[in-house]
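Chemist:
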Amino acid sequence: GRYEVRAEGASSVYSLTKSTMESGIGISNNPSIDPTNESTITQFEFKENERISYKDALTKTTFGKFNYFAIFICGMSLAAALLESMGIGFVNPVAQCDLQLTHSDKGVLSAVAFIGIIVSSHLWGFLADTMGRRTILLPSLFGTFISTVLSSLGNNFWTFAVLRFLSGFFISGASTTVYPYLSEFHNPNARSRAIMAASSIFGLGGLLMPAIAWLVMSSSWSFGIPLIGITYKPWRLFLVVSGLPDLICAISFIFLPESPKYLLSQGRQEEAIAILQSVYHINTGKKKENLNISAFIEEQDDLESRDQLENNMQEGFSRIFRKIYNQTAPLFMGDFLKRTVIACILQFGILFTANGMYLFFPDILNRIAMHIEQSGGNYTATICDAVHETRIDIDDILASNDKGSCDMKLDISAFEHTLILEVLYALGFILIGFLINAVGKLAVLVSVFIICGLCGIAVVFTTIPLLSIYLYAILLLCGLAVPVVNASTVDLFPTHLRAMSVSISLMMGRIGSVFGSNLIASMIEYNCGATFLISGISLIYIWAFKIHSQHMSTECDDPNY
Numbered sequence: 001g002r003y004e005v006r007a008e009g010a011s012s013v014y015s016l017t018k019s020t021m022e023s024g025i026g027i028s029n030n031p032s033i034d035p036t037n038e039s040t041i042t043q044f045e046f047k048e049n050e051r052i053s054y055k056d057a058l059t060k061t062t063f064g065k066f067n068y069f070a071i072f073i074c075g076m077s078l079a080a081a082l083l084e085s086m087g088i089g090f091v092n093p094v095a096q097c098d099l100q101l102t103h104s105d106k107g108v109l110s111a112v113a114f115i116g117i118i119v120s121s122h123l124w125g126f127l128a129d130t131m132g133r134r135t136i137l138l139p140s141l142f143g144t145f146i147s148t149v150l151s152s153l154g155n156n157f158w159t160f161a162v163l164r165f166l167s168g169f170f171i172s173g174a175s176t177t178v179y180p181y182l183s184e185f186h187n188p189n190a191r192s193r194a195i196m197a198a199s200s201i202f203g204l205g206g207l208l209m210p211a212i213a214w215l216v217m218s219s220s221w222s223f224g225i226p227l228i229g230i231t232y233k234p235w236r237l238f239l240v241v242s243g244l245p246d247l248i249c250a251i252s253f254i255f256l257p258e259s260p261k262y263l264l265s266q267g268r269q270e271e272a273i274a275i276l277q278s279v280y281h282i283n284t285g286k287k288k289e290n291l292n293i294s295a296f297i298e299e300q301d302d303l304e305s306r307d308q309l310e311n312n313m314q315e316g317f318s319r320i321f322r323k324i325y326n327q328t329a330p331l332f333m334g335d336f337l338k339r340t341v342i343a344c345i346l347q348f349g350i351l352f353t354a355n356g357m358y359l360f361f362p363d364i365l366n367r368i369a370m371h372i373e374q375s376g377g378n379y380t381a382t383i384c385d386a387v388h389e390t391r392i393d394i395d396d397i398l399a400s401n402d403k404g405s406c407d408m409k410l411d412i413s414a415f416e417h418t419l420i421l422e423v424l425y426a427l428g429f430i431l432i433g434f435l436i437n438a439v440g441k442l443a444v445l446v447s448v449f450i451i452c453g454l455c456g457i458a459v460v461f462t463t464i465p466l467l468s469i470y471l472y473a474i475l476l477l478c479g480l481a482v483p484v485v486n487a488s489t490v491d492l493f494p495t496h497l498r499a500m501s502v503s504i505s506l507m508m509g510r511i512g513s514v515f516g517s518n519l520i521a522s523m524i525e526y527n528c529g530a531t532f533l534i535s536g537i538s539l540i541y542i543w544a545f546k547i548h549s550q551h552m553s554t555e556c557d558d559p560n561y
């Protein structure tokens, strides 16, 4: 075979056959290398050019600084999606007079970012699979930041709703693409842990939301901007600050490379090798050339991806809907059909409760605090009693022009308990990250569903304020299952379908969020108990469904993917 010989102190690298190396021919004929002079040659390194699998190449790059940075930025991107979609829960109670929000309007605003995510997730998944992961992450994050800043200047319900829709539209690209992007820098043994580590950062980033909300929105300053007819208040600044992670991540991805697995699937082997060599250099501190890869062993999913790209290019970009169909249809055929359906049902059920109920968490905590104050501290009612007895009818207030009665600030307990919830999320993600390889994804999912579902049922009957709040918080922890399902989904599909499969499953989850938030908005005032019971029972149901469908858990670690 052909080898490379490197001589320390020499300026050249020579490619020699094994026989010439053994005889010394080729070294003695080069004046820059004197085999008898120890000052010019101190060490020889002989390496055979390798043709290896992508999985083995990732193993050779080791796990180091690059991986930690990629995990951090991907985790921050997920946290940015959380701030964009869930931060509205802090805005709705205090912006109701500025934007003249009815209770149904609050339900729409709670859901509109998810609607933007839903309608665009299919498109972003298609673009990420056909144009590249990083190619999509950059415009998605920059677009989200711009939309968020503009939404903070909205002067009425419809303007605000449209701009929040655009924020959701753009952030969808980042929130779905980071999963395949991150997974493709890690071999199968490290992939689930990497995704869970990013989710832990997402959980830690979630701590920023109530902290930022408290720091910014606990004050009562304001100033007018006559040009656009608004009064700038703390809740508007909160939206801008919440958008800063989008900008930070967008700038960071400028310095991160494209997924080498994506490049390999498109036949761009030299670019993929160069990126892996750079990752190797960053992780080990050694020269890039020390990772000596001549070519990759062709894998089945790479061939399928290349064929798919060629078919798309032959059709022409004017037939984008046909291409999207061609990219999506395989998910609903053959062996992939059952996997897709399972992932979609799980995400729908989880996010119906995790997001739908979370959006009203600060408001309900604020009402509990109001009810305790009104009762003189003698609080023995359930959460639903507090909701009923502190109801505000915005239509009556606007009709009487008495805006002072709804110009309220959130009680500090709303920030405190939301912060505690985010701490529990962060700890939960960290714990799952340590346990997931040892106990398996199925055990993690079943545990989350049972515990959270039972707490959701129990909260309806509890009259101890603090206990009812923590039962409510544990119900919301069902969101811990989302990255576990995503990790399974990534492993279930080949490279050219991964981004689309995650997009489709998360799209169904966000449909669950929209359905949940609007159902809760319409029921919470008059059928509060049923709202919590539906959330808890739905988790118990998908636990039973998951047990019946263990197929997903047993196939998600296929090493070929």
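Mapping of the sequence shown onto the UniProt record's numbering: position 33 corresponds to residue 33, and the numbering continues sequentially without gaps.
Idealized CB from N, CA, C, for every residue including glycine.
None of these values were measured; they are calculated from a predicted model.
1) Pull the bridge partners of GLY224 from the DSSP assignment, please.
2) Among ILE212, SER140, LEU533, whose alpha-carbon lies nearest the alpha-carbon of THR177?
3) Using the C-alpha atoms, what's the distance from ILE372 back to CYS452?
4) Under 7 Å, do HIS496 and ASP129 count as touching if we go by C-beta distance?
5) Note the first and the last residue of the continuous beta strand (DSSP E) segment covering PHE296.
6) With C-beta atoms as the reference, is ALA438 less than 7 Å away from PRO362?
7) With respect to the alpha helix (DSSP H) encompassing LYS409, which residues constitute its N-terminal and C-terminal limits?
8) For ILE542, is the classification buried or exposed, using 16 other Cβ atoms within 10 angstroms of its Cβ as the cut-off for buried?
9) Among residues of its own chain, excluding the 5 on either side of CYS384, which ones have a beta-carbon nearer than 6 Å to its beta-carbon?
10) With 16 as the cutoff for other CB atoms within 10 Å, does SER32 come out buried or exposed?
11) Could you tell me which residues DSSP puts in a beta bridge with ILE52?
12) Can you tell me which of the three DSSP states LEU244 falls into?
13) Closest to THR353 by C-alpha separation, out of LYS409, PHE515, ASN366, ALA499, would be which residue?
14) LEU207 and LEU419 look like a contact to me (Cβ under 8 Å); what is the Cβ gap, rounded to whole Å?
15) Since I believe MET217 is in contact with VAL94 (beta carbons under 8 Å), could you give me their beta-carbon distance rounded to a whole number of angstroms?
16) Using 7 Å as the threshold, is the C-beta distance between LEU476 and MET357 below it?
17) Can you list, in chain order, the residues of its chain with a C-beta nearer than 6 Å to that of ILE430? Leave out the 5 residues immediately preceding and following it.
18) Around the Cβ of LYS526, are there at least 16 other Cβ atoms within 10 angstroms (buried) or fewer (exposed)?
19) Tell me which same chain residues have a C-beta within less than 6 Å of the C-beta of LEU359, skipping the five on either side of it?
20) If you follow the alpha helix (DSSP H) that ILE368 is in, where does it begin and where does it stop?
21) Once you ignore the five residues that flank GLY205 on each side, which residues in its own chain have a CB closer than 8 Å to its CB?
22) Quick one: is PRO260 buried, meaning 16 or more other Cβ sit within 10 Å of its Cβ, or exposed?
23) Would you kindly work out how many angstroms separate the C-alpha atoms of GLY203 and GLU184, rounded to a whole number?
24) Consider the Cβ of LEU264: report whether some Cβ of chain B lies at a distance smaller than 7 Å.
25) Look up LYS65 in the DSSP assignment and say whether it is helix, strand or coil.
26) Any idea what DSSP makes of LYS287, helix, strand or coil?
27) In terms of residues, what are the limits of the alpha helix (DSSP H) holding ARG193?
28) Under a Cβ-count criterion, where at least 16 other Cβ atoms within 10 Å of its own Cβ denotes burial, should ASP335 be classed as buried or exposed?
29) Do you know offhand how far LEU137's Cα is from ILE195's?
30) Pairs of beta-carbons, one from the region 57-66 and one from the region 271-287, closer than 8 Å: are there three or more?
31) Based on Cα-Cα distance, which residue from LEU247, PHE114, ARG51, GLY173 lies nearest to THR502?
32) Which residue's Cα is closest to the Cα of PHE321: PHE126, HIS103, GLY536?
33) Under the assumption that THR144 contacts GLY243 (Cβ atoms under 8 Å), give the Cβ distance between them as a whole number of angstroms.
34) So, is PRO35 buried or exposed, given that buried needs 16 or more other C-beta atoms within 10 angstroms?
35) Please go through the same chain and pick out, in chain order, the residues whose beta-carbon is closer than 7 Å to the beta-carbon of ILE534, but skip the five residues on each side of it.
36) Under 7 Å between the Cβ atoms of GLY509 and GLN347?
Modeler: The short version:
1) Numbered from its first residue, the sequence shown carries residue 224 at position 224. THR231, per the DSSP bridge assignment.
2) Reading the sequence shown from its first residue, position 177 is the one you call residue 177. Nearest of ILE212, SER140, LEU533 to THR177, Cα basis: SER140.
3) To locate residue 452, count along the sequence shown from 1; it is residue 452. To locate residue 372, count along the sequence shown from 1; it is residue 372. Across the structure, CYS452 and ILE372 are spaced so that their CA atoms are roughly 26 Å apart.
4) For the purposes of this step, residue 496 is identified with residue 496 of the sequence shown, where counting begins at 1. For the purposes of this step, residue 129 is identified with residue 129 of the sequence shown, where counting begins at 1. Yes, Cβ-Cβ distance for HIS496 and ASP129 is below 7 Å.
5) The residue labelled residue 296 in the question sits at position 296 within the sequence shown. Segment 293-296, the beta strand (DSSP E) holding PHE296.
6) Numbered from 1 along the sequence shown, position 438 holds the residue referred to as residue 438. Numbered from 1 along the sequence shown, position 362 holds the residue referred to as residue 362. Contact: no.
7) Mapped onto the sequence shown, residue 409 falls at position 409. Here LYS409 belongs to no alpha helix (DSSP H), and DSSP marks it neither H nor E.
8) Counting from 1 along the sequence shown, the entry for residue 542 is found at position 542. Looking at its Cβ environment, which holds 16 or more other Cβ atoms inside 10 Å, ILE542 is buried.
9) Locating residue 384 in the sequence shown gives position 384, counting from the first residue. Cβ within range, chain order: CYS528, GLY529.
10) Within the sequence shown, numbered from 1, the residue matching residue 32 stands at position 32. In this predicted model, SER32 has a pLDDT of only 49, less than 50, meaning its place in the structure is not dependable; the value taken from the coordinates is given anyway. It counts as exposed.
11) Here residue 52 refers to the residue found at position 52 of the sequence shown. PHE296.
12) Position 244 of the sequence shown, counting from 1, holds the residue named residue 244. DSSP places LEU244 in helix when its eight states are reduced to three.
13) Indexing the sequence shown from 1 puts residue 353 at position 353. The shortest Cα separation from THR353 among LYS409, PHE515, ASN366, ALA499 belongs to PHE515.
14) Stepping through the sequence shown from its first residue, residue 207 is reached at position 207. Stepping through the sequence shown from its first residue, residue 419 is reached at position 419. Correct: roughly 6 Å between the Cβ atoms.
15) The count along the sequence shown starts at 1 and reaches residue 94 at position 94. The count along the sequence shown starts at 1 and reaches residue 217 at position 217. Confirmed, Cβ separation roughly 7 Å.
16) Counting from one through the sequence shown, the residue named residue 476 turns up at place 476. Counting from one through the sequence shown, the residue named residue 357 turns up at place 357. Their beta carbons are under 7 Å apart, which means LEU476 touches MET357 by this criterion.
17) For this step, residue 430 is matched to residue 430 along the sequence shown. So the qualifying residues of the chain are SER200.
18) Within the sequence shown, residue 526 is the residue found at index 526, counting from 1. What sits at residue 526 in the sequence shown is Tyr, not Lys. Classification for TYR526: exposed.
19) Residue 359 sits at position 359 when you count from the first residue of the sequence shown. Excluding sequence neighbours, LEU359 sits near GLY89, SER110, SER517.
20) Taking the sequence shown and counting its residues from 1, the one referred to as residue 368 is at position 368. Counting along the chain, the alpha helix (DSSP H) containing ILE368 begins and ends at 361-374.
21) Taking the sequence shown and counting its residues from 1, one reaches residue 205 at position 205. Cβ neighbours of GLY205 beyond the five flanking positions: GLY75, MET76, LEU78, ALA79, ALA80, LEU82, LEU83, PRO245.
22) The residue given as residue 260 occupies position 260 in the sequence shown. Buried, because 16 or more other Cβ atoms sit within 10 Å of the Cβ of PRO260.
23) For the purposes of this step, residue 203 is identified with residue 203 of the sequence shown, where counting begins at 1. For the purposes of this step, residue 184 is identified with residue 184 of the sequence shown, where counting begins at 1. The alpha-carbon atoms of GLY203 and GLU184 are separated by roughly 22 Å.
24) Of the protein chains in the structure, only one exists, and it is not chain B.
25) The count along the sequence shown starts at 1 and reaches residue 65 at position 65. Of the three classes helix, strand and coil, the one that applies to LYS65 here is helix, per DSSP.
26) For this step, residue 287 is matched to residue 287 along the sequence shown. Coil, per DSSP.
27) Residue mapping note: residue 193 aligns to position 193 of the sequence shown, counting from 1. Residues 188-206.
28) Locating residue 335 in the sequence shown gives position 335, counting from the first residue. ASP335 comes out exposed.
29) On the sequence shown, position 137 is the one that residue 137 refers to. On the sequence shown, position 195 is the one that residue 195 refers to. Whole-angstrom Cα-Cα distance: 17 Å.
30) yes
31) Position 502 of the sequence shown holds residue 502. The sequence given here has Val at residue 502, not Thr. Minimum Cα distance to VAL502 is reached at GLY173.
32) Taking the sequence shown and counting its residues from 1, one reaches residue 321 at position 321. Nearest of PHE126, HIS103, GLY536 to PHE321, Cα basis: PHE126.
33) As a position in the sequence shown, residue 144 is number 144, starting the count at 1. As a position in the sequence shown, residue 243 is number 243, starting the count at 1. With a Cβ gap of about 7 Å, THR144 and GLY243 count as contacting.
34) As a working mapping, residue 35 is identified with position 35 in the sequence shown. Residue confidence is low: PRO35 scores 48 on pLDDT, short of 50, so the model does not pin down where it sits. Its coordinate-derived value is still stated next. Exposed, since its Cβ has fewer than 16 Cβ neighbours within 10 Å.
35) Translated into positions along the sequence shown, residue 534 becomes position 534. For ILE534, where only same-chain residues beyond five positions count, there are no Cβ hits under 7 Å.
36) Indexing the sequence shown from 1 puts residue 509 at position 509. Indexing the sequence shown from 1 puts residue 347 at position 347. In this structure, GLN347 lies closer than 7 Å to GLY509 by Cβ.
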